[in-house]
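Read through the structure below, which is laid out as structure tokens, and then see the notes.
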Amino acid sequence: MSLPPVRPVTLDEIKAARERTRDVVLRTPLVKLDTGKNGPDIRLKLENLQPTNAYKIRGAVNAVAMLSDEAKQRGVWTISAGNAGQGVAYAARAAGVPCRVVVIDSAPQAKIDRMRALGAELIPTPFDVCWRALIDHTFPGMDGTLVHPFDDHNFIAGHAAIG
Numbered sequence: 163m164s165l166p167p168v169r170p171v172t173l174d175e176i177k178a179a180r181e182r183t184r185d186v187v188l189r190t191p192l193v194k195l196d197t198g199k200n201g202p203d204i205r206l207k208l209e210n211l212q213p214t215n216a217y218k219i220r221g222a223v224n225a226v227a228m229l230s231d232e233a234k235q236r237g238v239w240t241i242s243a244g245n246a247g248q249g250v251a252y253a254a255r256a257a258g259v260p261c262r263v264v265v266i267d268s269a270p271q272a273k274i275d276r277m278r279a280l281g282a283e284l285i286p287t288p289f290d291v292c293w294r295a296l297i298d299h300t301f302p303g304m305d306g307t308l309v310h311p312f313d314d315h316n317f318i319a320g321h322a323a324i325g
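Numbered by our numbering, the letters in the sequence shown go through residues 163 to 325 in order.
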């Protein structure tokens with residue numbers, strides 16, 4: 163089973179996401195990599211400088227910001243082995259929104275510790291169950307809004323606002 167395609171994100175949506183996220187997400191530098199005199203022009207966007215050390219914070223902050231007040235009260239949840247979970251936990255904490263993460267049971271301990279430190283309630287789950295939940299967009303007993311880590315239009319628009 164494959165996921166249906168997500169519609170393209172418009173430039174206006176990207177600009178709006180950038181405005182929505184600018185007070186929470188850092189504007190990270192773009193640096194030129196020294197590849198030598200005849201080397202290719204390679205630039206690095208230093209998203210490792212974000213509070214969560216990853217670009218996923220951009221999509222998470224935008225997705226949480228797009229929720230209605232009612233949805234924010236119910237909370238958010240996601241499925242992750244680390245970076246998306248950290249991003250959603252960070253975004254939820256910044257917005258005062260409850261957060262749960264269905265975390266793949268093989269996730270690195272450092273990622274688990276960080277999601278927990280950011281205030282997320284963690285639900286360790288086997289990989290195959292997590293994958294099925296990603297496809298189905300549901301998880302048993304889960305309330306609140308799913309912030310899907312790769313199949314969410316607002317999450318994608320937030321990533322596109324990287325600049």
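For each residue, glycine too, the CB sits at the ideal point set by N, CA and C.
R205 counts as exposed, since fewer than 16 other beta carbons sit within 10 angstroms of its beta carbon. Scanning T197, K194, L229 for the CA closest to the CA of G306 turns up L229. V238 is a Cβ neighbour of V309, given a cutoff of 7 angstroms. In this structure, L208 keeps its C-beta atom at 7 angstroms or more from the C-beta atom of T183. Of A233, I285, E232, the smallest CA-CA separation from G247 is found for I285. Proximity of the segment 278 to 298 to the segment 243 to 258 meets the contact definition, three or more beta-carbon pairs being nearer than 8 angstroms.
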